[in-house]
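Worksheet for the structure shown next.
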Amino acid sequence: MLIINQSITDPYFNIASEEFLLKNFSEDIFILYSNTPSIIVGKHQNTMAEINHNFVSQKGVPVIRRLSGGGTVYHDLGNVNYSFIINGSEGNLVDFKKHTKPIIDVLTSLGVDAHIGGKNDIRVGDKKISGNAEHIYKNRVLHHGTLLFNSNLDELNESIKVNKNTYTDKAVKSIRSHVANINEYLNDDISIGKFKELLIDHVKMLFPNAVDYQLNQNDITSINELISKKFVTWNWNYGYSPSYTLNRQIHFNKYTLDIIVNVDKGLINQVSIKGNHLEPKSVKELEQLLQGCIHETQEISNRLKNIDISQFIPEILNEDFIKGLF
Numbered sequence: 019m020l021i022i023n024q025s026i027t028d029p030y031f032n033i034a035s036e037e038f039l040l041k042n043f044s045e046d047i048f049i050l051y052s053n054t055p056s057i058i059v060g061k062h063q064n065t066m067a068e069i070n071h072n073f074v075s076q077k078g079v080p081v082i083r084r085l086s087g088g089g090t091v092y093h094d095l096g097n098v099n100y101s102f103i104i105n106g107s108e109g110n111l112v113d114f115k116k117h118t119k120p121i122i123d124v125l126t127s128l129g130v131d132a133h134i135g136g137k138n139d140i141r142v143g144d145k146k147i148s149g150n151a152e153h154i155y156k157n158r159v160l161h162h163g164t165l166l167f168n169s170n171l172d173e174l175n176e177s178i179k180v181n182k183n184t185y186t187d188k189a190v191k192s193i194r195s196h197v198a199n200i201n202e203y204l205n206d207d208i209s210i211g212k213f214k215e216l217l218i219d220h221v222k223m224l225f226p227n228a229v230d231y232q233l234n235q236n237d238i239t240s241i242n243e244l245i246s247k248k249f250v251t252w253n254w255n256y257g258y259s260p261s262y263t264l265n266r267q268i269h270f271n272k273y274t275l276d277i278i279v280n281v282d283k284g285l286i287n288q289v290s291i292k293g294n295h296l297e298p299k300s301v302k303e304l305e306q307l308l309q310g311c312i313h314e315t316q317e318i319s320n321r322l323k324n325i326d327i328s329q330f331i332p333e334i335l336n337e338d339f340i341k342g343l344f
């Protein structure tokens with residue numbers, strides 16, 4: 019087994035490195051890494067339905083689709099991400115209990131009463147401290163999970179706070195849970211660095227032939243190419259989402275707008291805007307202006323930059339109208 023204690027905190031790099039190591043190495047691998055603030059959505063999810071788009075855009079938080087299924091998770095430097103890449107035989111690759119046991123054993127040794135939950139997460143009581151997912155590639159499985167050690171839980175909750183009735187689609191939905199940080203339950207105060215060290219020591223005990231591995235320049239070059247081709251692209255992170263319909267009602271001054279936006283492969287293909295005191299013919303022109311635009315704040319802003327929305331909808335500012343499209 020190779021053990022990689024990754025010092026790079028770029029979320030694009032670390033998410034891409036998992037795919038690179040899964041598909042290009044033959045050894046079993048254990049990886050630890052932390053990312054700067056970012057939101058990681060499951061492969062089969064509708065990205066827009068899983069994030070607080072206006073908050074995320076304002077904060078400049080990267081949103082990245084990962085290789086595995088499952089729900090959306092928040093990463094920051096107070097979170098430890100762990101990955102097992104393990105060889106196996108067909109039919110015996112997916113095993114959440116097996117792959118979470120080493121983590122639970124370390125937590126237990128630190129006084130944390132951790133157990134695996136019904137949705138393959140790790141919990142203390144009814145609080146979630148770790149989300150987990152798996153992906154199979156040929157005879158290898160990638161099992162990865164979060165470990166909320168001392169994350170900013172306010173930012174976590176705000177980043178993924180959405181109105182579940184806003185979007186209609188057939189995508190995989192995240193199951194929201196009450197979360198907690200591991201350091202709340204420790205017998206003794208330890209640093210996140212010490213926690214990582216204990217995880218690695220335990221894995222080395224389980225795999226006596228394990229050796230440390232550091233990504234070389236060829237590895238890094240290949241990972242950066244994968245980032246450019248896939249993980250940084252809008253097509254992967256947003257356009258890969260299943261078709262969806264957005265239903266929003268926005269209120270301003272004396273007006274109420276009911277907005278329906280149909281999106282396919284990330285592109286707006288139909289818009290309906292209805293409201294009191296609106297001229298249907300005028301609104302129709304605005305609806306047509308939005309068709310074919312990428313459903314993304316900056317793209318819509320660019321499309322409407324020379325348009326005064328108040329000529330179609332009295333008394334509304336462009337920025338308020340655009341917020342209503344998310």
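This note's numbering numbers the first residue of the sequence shown as 19 and each following residue consecutively. Note that the Cβ used here is the ideal one computed from N, Cα and C, for glycine as well.
Going by DSSP, Glu317 is part of no beta strand (DSSP E) but of the alpha helix (DSSP H) stretching over Thr315 to Arg321. Beta-bridge pairing by DSSP links Tyr155 to Arg158. With fewer than 16 other beta carbons inside 10 angstroms of its own, Asn253 counts as exposed.
For the pair Asp187 and Asp237, the Cα-to-Cα distance works out to about 38 Å. Excluding the 5 residues flanking it on each side, Cys311 has same chain C-beta neighbours closer than 8 Å at Leu285, Ile286, Glu317, Ile318 and Arg321, in chain order. When C-alpha distances from Pro55 are compared across Asn64, Thr27, Ile69 and Ser35, the shortest belongs to Thr27. As the crow flies, the alpha-carbon of Ser195 is around 7 Å from that of Lys145.
By the C-beta criterion, the segment 168-185 is judged not to be in contact with the segment 113-127, since fewer than 3 inter-stretch pairs fall below 8 Å.
Rounded to the nearest whole angstrom, the C-alpha separation of Leu40 and Gln76 is 34 Å. The continuous beta strand (DSSP E) containing Phe102 extends over residues Asn97 to Asn105. Closest by C-alpha distance to Phe73, out of Gln232, Asp172, Leu304 and Gly60, is Asp172.
Residue pairing of Asn236 in beta bridges, as defined by DSSP: absent, with no partner found. Looking at the DSSP output, Ala67 sits in no beta bridge, so it has no partner there. In the three-state reduction of the DSSP assignment, His133 falls in the strand class, which pools E and B.
Phe102 sits away from Asn138, with the two beta carbons spaced by 8 Å or more. With fewer than 16 neighbouring CB atoms inside 10 Å of its own CB, Gly129 falls in the exposed class. For the options Gly163, Asp276 and Asn157, the alpha carbon positioned closest to that of Gly109 is the one of Asn157.
For Lys41, the uninterrupted alpha helix (DSSP H) segment begins and ends at Pro29 to Asn42.
With the rule of 3 Cβ pairs closer than 8 Å, the segment 238-246 does not count as touching the segment 288-305. Taking every protein chain shown into account, the CB of Thr263 has fewer than 16 other CB atoms within 10 angstroms, so this residue is exposed.
Assignment of beta strand (DSSP E) within the segment 208-286, counting only whole runs of 3 or more residues, yields 262-270 and 273-282 in chain order.
Nearest to Tyr155 by C-alpha distance, out of Ile334, Ser25, Phe43 and Ala198, is Phe43. When the Cα atoms are used, Phe249 and Val81 turn out to be separated by approximately 10 Å.
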